[in-house]
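*Asks:* The structure under discussion is supplied below as structure tokens; questions concerning it will follow.
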Amino acid sequence: MASHLARAALRPSPASSSSSTSAAAAAAALLSSTSPLPTPRFLQLHAHLLRTGVLPTTTSSASASAFLSLAAASLPSRHALAALLHHLTPETLPTTFRLNAILRSSLRRDERDALRLLRRARALGRRGNAFTLSIVLNHCRAILHTRQLHANVLVEGHSPDALLATSLVRSYEACGDGDAARRVFDEMPVKDSVAWNVLITCYVKNRRTKDALKLFGEMRDGENGVEPDDVTCILLLQACTSLGALDFGEQVWEYAVDHGYGDELKVRNSLITMYTKCGCMEKAYQVFTGTPNKSVVTWSAMISGLAANGFGKDAICAFEEMGRSGIAPDEQTFTGVLSACSHSGLVDEGFKFFDAMRHEYQLMPNVHHYGCMVDLMGRAGLLDRAYELVVKDMRVTPDATIWRTLLGACRIHGHTDLGERVINHLIELKAQQAGDYVLLLNTYAAVEDWEKVAEVRKLMKEKGIQTTPGCTTVELNGEIHEFIAADDSHPRQAEIYEKLDEINKHLRIAGYVPNVSSELHDLDSEGKECALAYHSEKLAIAFALLVTPQHRPIRLAKNLRVCVDCHNFTKVFSGVYNRLVIVRDRTRFHHFKGFQCSCNDYW
1 MASHLARAAL
11 RPSPASSSSS
21 TSAAAAAAAL
31 LSSTSPLPTP
41 RFLQLHAHLL
51 RTGVLPTTTS
61 SASASAFLSL
71 AAASLPSRHA
81 LAALLHHLTP
91 ETLPTTFRLN
101 AILRSSLRRD
111 ERDALRLLRR
121 ARALGRRGNA
131 FTLSIVLNHC
141 RAILHTRQLH
151 ANVLVEGHSP
161 DALLATSLVR
171 SYEACGDGDA
181 ARRVFDEMPV
191 KDSVAWNVLI
201 TCYVKNRRTK
211 DALKLFGEMR
221 DGENGVEPDD
231 VTCILLLQAC
241 TSLGALDFGE
251 QVWEYAVDHG
261 YGDELKVRNS
271 LITMYTKCGC
281 MEKAYQVFTG
291 TPNKSVVTWS
301 AMISGLAANG
311 FGKDAICAFE
321 EMGRSGIAPD
331 EQTFTGVLSA
341 CSHSGLVDEG
351 FKFFDAMRHE
361 YQLMPNVHHY
371 GCMVDLMGRA
381 GLLDRAYELV
391 VKDMRVTPDA
401 TIWRTLLGAC
411 RIHGHTDLGE
421 RVINHLIELK
431 AQQAGDYVLL
441 LNTYAAVEDW
451 EKVAEVRKLM
461 KEKGIQTTPG
471 CTTVELNGEI
481 HEFIAADDSH
491 PRQAEIYEKL
501 DEINKHLRIA
511 GYVPNVSSEL
521 HDLDSEGKEC
531 ALAYHSEKLA
541 IAFALLVTPQ
551 HRPIRLAKNL
561 RVCVDCHNFT
571 KVFSGVYNRL
581 VIVRDRTRFH
591 HFKGFQCSCN
601 DYW
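full-length UniProt numbering applies: residue 1 is where the sequence shown begins, and numbers increase by one.
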């Protein structure tokens, strides 16, 4: 419609008054349209409006105001800003309502341009209102811009405005400043469920998941208690997913059912994801089968959960059942099923699904799908083929995750030459992290090339690269207990260390031998064994053994990849103590039972 009006306005016509009136009418109708124009068409229109006088630059007119809105919607950022600032004069100032609409369009492209436009409008006398500031804050991602707008809110006396305060919280959340978001939230005179949900989102996105869970109680128990809604339940389930907080998640689910949210599809999808990310597949399957109108998100959550927990063939069966149900898979579904093939070593099936995705379903693989294929080939020992896929066949630019996946395969197979090439690619991307160097260290350690280990350590020191401390969490009665290596901060520290020493004695009798190559510090063999003995996973297992009954699985969440020694330790522990241990590390789930792990020693 907008393009049709543009053609009518720009069509050459005889120099008659009726023709001029017709063109002007078409231009006016076009300017009142909310649909953006292609940039070349808009620039033609701009020239035409100036030439015909429909858009004077110094006269007050509705056309000028409408033009500003259309320019903001149609032009690339730098062109839009130039046009807006050129036509924004004291005589052509838009109304506050129109200014808000123009800002919305500008913010879709660049928050800096929107702020320049707002400053210009304010300098000319159009200050806008609280809603104007709220619009800009909702799109702010730069902390300096947010602080500047926050100052405007305070100076202009808008602090009591609940909508504006919520926008401030959201803006600080987007900038990663959770403390500032909390300060604004605490100063709000009235807090509705939207404000609470924004703060919970802030904590979840900034990895303050324990703080997010605490808000569930604060929200209901305050002086002006607010009942959590379905969005709150979804956000809290996401936080529980991140922490592996199964008990707390089930409390949230119980609340959702009691308050009428149990049949909400998005809530059920979040619950399925939480159960799968806690390694609780039976309960995930119960919720899945009890969901009547499954969406593609529901199926994808179940398929991805089965994949991550090592049930590759079950994931493929679920994919096939999804097709029979009449629901077409999307990109996320294929990420799940390709991951299933990768984690379960189903090489032929993986290639079959990858081909079907492109040819049968006409879906373009993204970097996640290629990552699954690299992982699939890496696990199968096809490292050269995986490298060829990355450097020659990928239709998208490989990111750091792709190279890290290949680097992980080099560690498993001791392929040091390829590992060095992969690190060079990461350096070219300027994306190398401490974990990448640790993977390379492990690759050299696996083939006992200690000279290379020392060289990499020296390089890390020169670059100032600090490794991320390993942290393992255990949930007990809704409370999260965190452990780091050689931790001495837990209230039951003495009991934990005594229990761990006892476990080590039993495991050594059963044949466990510490894998000293997992300890990369420059220590003698005895020193390495001592350092390995108190890794965070082992402390967490000792604590869990003290506090959980025999029939309950021990569930751990680790922020890094499980080291080889802790993996061996947990396998032997599961057999000696007859316990199911479920560990979620950075790459996948490990179900340890009877001296075996579901990953088949590839992770």
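Backbone N, C-alpha and C define an ideal beta-carbon position, used for all residues, glycine too.
#1: Can you look up Lys558 in the DSSP assignment and give me helix, strand or coil?
#2: What does Glu282 pair with, by DSSP beta-bridge criteria?
#3: Under three-state DSSP, which class holds Ile503?
#4: Alpha carbon to alpha carbon, how far is Thr132 from Leu149?
#5: Helix or strand or just coil, what does DSSP make of His259?
#6: Would you say Thr587 faces chain B, with C-beta separation under 9 Å as the test?
#7: Given Leu168, which residues of its chain have a CB within under 7 Å of its CB, disregarding the five upstream and five downstream residues?
#8: Do you know whose CA, among Thr416, Ala494, Met373, lies nearest Asn442's CA?
#9: Please report the straight-line C-alpha distance between Pro514 and Thr467, rounded to a whole angstrom.
#10: Return the first residue and the last residue of the beta strand (DSSP E) that His590 is part of.
#11: Can you tell me the Cα-Cα spacing of Pro94 and Arg104, whole angstroms?
#12: Express the C-alpha separation of Ala165 and Thr58 in angstroms, rounding to a whole number.
#13: Hey, out of Arg552, Ser536, Phe573, His535, whose CA is closest to Arg508's CA?
#14: Do His425 and Cys599 have their C-beta atoms within less than 9 Å of each other?
#15: Round the Cβ separation of Val296 and Ser242 to the nearest angstrom and send it over; I've been treating them as touching at under 8 Å.
#16: Would you mind stating whether Tyr497 and Leu539 have Cβ atoms separated by less than 9 Å?
#17: Give me the Cα-Cα distance between Asp524 and Glu448, rounded to the nearest whole angstrom.
#18: Short of 8 Å in beta carbon distance, which residues of its chain neighbour Pro369, apart from the five on each side in sequence? Order them along the chain.
#19: Would you please state the rounded distance, in angstroms, between the beta carbons of Leu376 and Cys410? I believe it to be under 8 Å.
#20: Let's test the definition: count the other Cβ atoms within 10 Å of the Cβ of Asn309 and tell me whether it reaches 16, buried, or not, exposed.
#21: Alpha carbons only, please: which of Pro553, Thr201, Met302 is nearest the one belonging to Lys593?
#22: Do you know how far the Cα of Gly470 is from the Cα of Glu455?
#23: Between the alpha carbons of Asp601 and Arg116, how many angstroms are there, rounded?
#24: Reducing DSSP to helix, strand and coil, say where Asn568 ends up.
#25: Could you check how far apart the C-beta atoms of Ile412 and Ala434 are, in whole angstroms? I think they sit under 8 Å.
#26: Would you report the Cα separation of Arg379 and Gly345, rounded to the nearest angstrom?
#27: Identify every residue that forms a DSSP beta bridge with Glu475.
#28: If distances are taken between C-alpha atoms only, which option among Asp258, Ala284, Arg220, Leu500 comes closest to Ser270?
#29: Within the continuous beta strand (DSSP E) that includes Ile327, where are the two ends?
#30: Can you check whether the CB of Thr298 is closer than 9 Å to the CB of Arg268?
#31: If you run the structure through DSSP and keep just helix, strand and coil, what is Gln466?
#32: Could you give the distance in angstroms between the alpha-carbon of Lys210 and the alpha-carbon of Asp384?
#33: Judging by CA-CA distance, which residue of Arg561, Glu537, Leu560 is the nearest neighbour of Phe569?
#34: Near Asp436, what residues of its chain come up, given a Cβ to Cβ distance below 7 Å and the 5 sequence neighbours on each side ignored?
#35: What residues in its chain sit with their C-beta under 7 Å from that of Leu99, if we drop five residues either side in the sequence?
#36: Could you give the DSSP three-state label for Val583: helix, strand or coil?
*Replies:* Here's the rundown:
#1: strand
#2: DSSP lists no partner for Glu282.
#3: helix
#4: 11 Å
#5: coil
#6: Of the protein chains in this structure there is only one, and it is not chain B.
#7: Leu137, His150, Val153, Val184
#8: Thr416
#9: 22 Å
#10: 589-593
#11: 14 Å
#12: Note that Thr58 has pLDDT 43, beneath the 50 cutoff, so the model's placement of it is unreliable and no number is given.
#13: Phe573
#14: no
#15: About 23 Å separates the two Cβ atoms, so there is no contact after all.
#16: yes
#17: The predicted position of Asp524 is uncertain, since its pLDDT is 49 and thus under 50; no value can be drawn from it.
#18: Sequence check: residue 369 is His here, not Pro. So the list reads Glu331, Phe334, Thr335, Leu338, Phe354, Met357, once near-sequence residues are dropped.
#19: That pair is no contact at about 15 Å.
#20: buried
#21: Pro553
#22: 23 Å
#23: 57 Å
#24: helix
#25: Their Cβ separation, rounded to whole angstroms, is 20 Å, which puts Ile412 and Ala434 out of contact at 8 Å.
#26: 7 Å
#27: Ile480
#28: Ala284
#29: Per DSSP, Ile327 belongs to no beta strand (DSSP E) and is neither H nor E.
#30: yes
#31: coil
#32: 43 Å
#33: Glu537
#34: Arg404, Leu407, Ile423, Leu426
#35: Ala121, Arg126, Gly128, Thr132
#36: strand
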